[in-house]
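Read the structure below first, then the notes.
Protein chains in written order, with the numbering used here: chain L, 1 to 78; chain H, 79 to 623.
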């Protein structure tokens with residue numbers, strides 16, 4: 001599932017290049033949103049859906065800390 | 079009461095509310111540096127979402143988006159907004175969560191502290207510091223200059239005796255220097271007292287304000303134009319190319335015919351057609367690289383570290399693209415409608431209008447009442463200030479924790495001293511920014527924004543490799559930073575210091591070349607230099623590595 005989600009995100013980036021609508025106005029979605037703009041708004045909604053899947057199935061592994069604590073400020077060790 | 083005075087009253091009430099919020103947040107201040115710079119790592123999902131969104135969306139989201147749509151049509155959404163929805167969330171998910179986790183475990187406050195540890199190099203901070211601060215300051219100036227300009231534009235006629243002007247538009251308006259001073263002072267007060275908690279609260283409030291006002295403005299303007307369907311039909315009639323992502327040869331022909339008709343009979347044709355604009359596919363694709371800047375913004379890094387837990391990132395990662403859509407779609411439509419808006423048989427935007435960034439304000443002024451105009455001004459200022467506050471605080475934090483705290487006092491500052499130094503630096507930075515904003519008032523805001531974002535984006539390979547590539551070395555990191563700085567400088571000069579707004583390299587935005595060079599140097603130099611120590615690899619990638 002993890003790989004599938006990442007593949008879908010790459011696919012979304014590809015279909016973002018919506019050159020097949022580039023010189024079209026119609027259909028007007030809701031009668032006033034040109035198809036090019038409606039499609040890109042759809043890309044935003046799809047992005048939210050895919051990131052929701054990423055949060056569920058691709059949560060980063062091996063985090064050194066999952067729960068925050070009021071850690072003292074060290075300024076780094078180097 | 080004049081429209082200018084109504085705007086003054088609305089904006090004054092709004093700024094007073096912000097001050098109350100900032101001062102109220104001071105009641106929760108625990109007196110520690112961790113609390114001042116990181117809100118004791120206690121910010122939950124909703125506040126994190128709002129502060130991240132408010133910080134990444136500047137006035138450009140309201141004013142610039144409609145201006146660019148007025149000029150180039152609906153394509154601006156695909157170029158900037160939907161790419162940002164995909165890439166910003168990717169940065170939060172792939173970069174933000176990991177950095178938060180290291181920050182929580184090892185006590186980092188700034189990016190420089192992380193990079194010092196990750197590359198086991200004390201000196202890398204001295205290379206990164208001038209570059210990061212040098213890129214944040216222009217970003218700060220964009221907001222400060224815009225705020226003074228907005229206040230002057232909307233308060234015309236408010237104080238004719240106090241601020242007389244030969245220019246009728248600005249007669250009685252709050253002068254630029256005073257508008258900038260008021261905004262800087264308000265932000266300074268709530269950042270000074272509230273630290274990052276005050277900033278997060280203020281950002282949440284301001285984000286809600288500018289989202290609501292954007293939507294209300296959209297419906298008010300649509301209503302005045304006879305509904306959204308009628309508004310779009312007018313564009314189809316006069317400027318059909320603006321309803322497409324890019325213009326074709328056919329659009330150019332239609333434009334020439336309509337222009338000839340308009341020149342023949344200006345009264346009958348009503349609207350002077352706008353020149354169609356097109357964009358090459360490669361240039362459109364290369365816009366995806368600009369939002370990578372979010373991975374290296376020092377002020378976002380600081381907001382990431384304020385999260386209560388890794389789970390707090392879930393909501394921002396998912397909701398950010400939707401929030402962008404809610405703000406951008408109405409603004410893009412308003413910009414497109416403005417090309418062909420007619421009320422009472424006359425065009426709303428004059429035929430040879432040459433300032434696209436003023437389109438949104440002009441549409442509101444001419445198509446809604448003075449009260450909504452005042453609220454809209456408050457909304458624009460909200461968008462500006464929600465980025466300014468984080469930037470002031472993060473530059474103060476870098477000076478305090480990296481320069482004074484580490485390099486000058488060798489980590490011997492007490493907690494109280496860190497808070498004091500941090501506050502003093504915030505005051506100093508606000509004063510310096512104010513003086514530069516007064517001196518450089520005429521500087522072009524749009525090119526400054528594009529080149530500033532390109533600079534941050536060109537350092538993205540550094541942060542990505544530091545989190546996902548064990549083999550990246552200290553020398554590879556130096557090579558990446560230096561290459562990015564040199565190539566950025568060369569291309570910036572080639573573009574006439576940003577004057578050439580359509581400057582492309584190989585058909586793509588300059589950022590593509592800079593990222594290509596910085597990535598190549600990072601990989602090549604890392605492969606031929608000594609790998610990082612096993613202790614460093616274990617610290618950041620675990621013992622299994």
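Backbone N, C-alpha and C define an ideal beta-carbon position, used for all residues, glycine too.
Requested in this report: Provide the residue(s) that pair with residue 424 (chain H) in DSSP beta bridges, ordered along the chain.
Outcome: H:421
**Report entry** residue 413 (chain H), enclosing alpha helix (DSSP H) - first and last residue
**Finding:** 392-416
Report task. Buried or exposed for residue 281 (chain H), please, with buried defined as at least 16 other CB atoms from any protein chain shown within 10 angstroms of its CB. Result -> buried
Requested in this report: Compute the Euclidean distance between the alpha carbons of residue 91 (chain H) and residue 453 (chain H), then round it to the nearest angstrom.
Outcome: 10 Å
Query - Where the alpha helix (DSSP H) through residue 120 (chain H) begins and ends - result: It is not in any alpha helix (DSSP H) - residue 120 (chain H) carries neither H nor E in the DSSP assignment.
Report task. Mind listing the chain H neighbours of residue 60 (chain L)? Cutoff is C-beta to C-beta under 7 Å, in chain order. Result -> 175 and 176
Query - Cutoff 7 Å: residue 63 (chain L) Cβ touching any chain H Cβ - result: yes
Report task. Return no unless some Cβ of chain H is closer than 7 Å to the Cβ of residue 27 (chain L). Result -> no
Report task. Identify, in the order they occur along the chain, each residue of the same chain with its Cβ nearer than 6 Å to the Cβ of residue 477 (chain H), setting aside the five sequence neighbours on each side. Result -> 503
Query raised in the report: Which residues, in order along the region 148-169 of chain H, keep a beta-carbon less than 8 Å from a beta-carbon of chain L?
Result: 152, 153, 155, 156, 159, 160, 161, 163, 164, 167 and 168
Query - Chain-ordered residues of the region 105-116 of chain H with a beta carbon less than 9 Å from chain L - result: 108, 110, 111, 112, 113, 115 and 116
Query raised in the report: Fully enclosed by the region 294-362 of chain H, which beta strand (DSSP E) runs are 3 residues long or longer?
Result: none
Query raised in the report: Among H:584, H:416, H:97 and H:207, which one has its Cα closest to the Cα of residue 376 (chain H)?
Result: H:207
Query - Min CB distance residue 444 (chain H) to chain L below 7 Å - result: no
**Report entry** Whole-angstrom C-beta distance between residue 525 (chain H) and residue 579 (chain H), which should lie under 8 Å
**Finding:** 6 Å
Query raised in the report: Cβ of residue 55 (chain L) less than 7 Å from any chain H Cβ?
Result: yes
Query raised in the report: Cβ of residue 440 (chain H) within 7 Å of Cβ of residue 176 (chain H)?
Result: no
Query raised in the report: CB residue 457 (chain H) to CB residue 291 (chain H), shorter than 7 Å?
Result: yes
Query raised in the report: Is the beta carbon of residue 301 (chain H) within less than 6 Å of some heavy atom of the ligand GDP?
Result: Annotation note on the ligand GDP: not contained in the displayed structure, which lists no ligands.
Query raised in the report: Distance, Cα to Cα, residue 102 (chain H) vs residue 513 (chain H)?
Result: 29 Å
Report task. Please list, in chain order, all residues of the same chain as residue 261 (chain H) whose beta carbon is under 6 Å from its beta carbon, the five residues on each side excluded. Result -> 225
Query raised in the report: DSSP on residue 557 (chain H), reduced to helix/strand/coil?
Result: helix
Report task. Give the residues of chain A in contact with residue 403 (chain H), contact being defined as C-beta atoms less than 8 Å apart. Result -> Chain labels in this structure do not include chain A; the protein chains are L and H.
Query raised in the report: In whole angstroms, what separates the C-alpha of residue 265 (chain H) from that of residue 229 (chain H)?
Result: 15 Å
**Report entry** Cβ of residue 286 (chain H) within 7 Å of any chain L Cβ
**Finding:** no
Requested in this report: Consult DSSP for residue 252 (chain H) and reduce its assignment to one of helix, strand or coil.
Outcome: coil
Query raised in the report: Do residue 350 (chain H) and residue 417 (chain H) have their C-beta atoms within less than 7 Å of each other?
Result: no
Requested in this report: List the residues of chain H whose Cβ lies closer than 9 Å to the Cβ of residue 12 (chain L), in chain order.
Outcome: 164
Query - Between the CA atoms of residue 36 (chain L) and residue 326 (chain H) - distance to the nearest angstrom - result: 14 Å
Query - Pick from H:403, H:246, H:387 and H:611 that is closest to residue 179 (chain H), judged by C-alpha positions - result: H:387
Query raised in the report: Per DSSP, what kind of secondary structure is residue 586 (chain H) in: helix, strand or coil?
Result: strand
Query raised in the report: From residue 137 (chain H) to residue 455 (chain H), what distance separates their C-alpha atoms?
Result: 11 Å
**Report entry** residue 276 (chain H): contacting residues in chain L (beta-carbon distance under 9 Å)
**Finding:** Per Cβ cutoff of 9 Å: no residues; residue 276 (chain H) is ~18 Å from chain L at best.
Query raised in the report: In terms of DSSP beta bridges, what is residue 29 (chain L) paired with?
Result: L:33
Query - The alpha helix (DSSP H) enclosing residue 517 (chain H), as first and last residue numbers - result: 493-517
Query raised in the report: When the distance is taken between beta carbons, is residue 269 (chain H) closer than 7 Å to residue 471 (chain H)?
Result: yes
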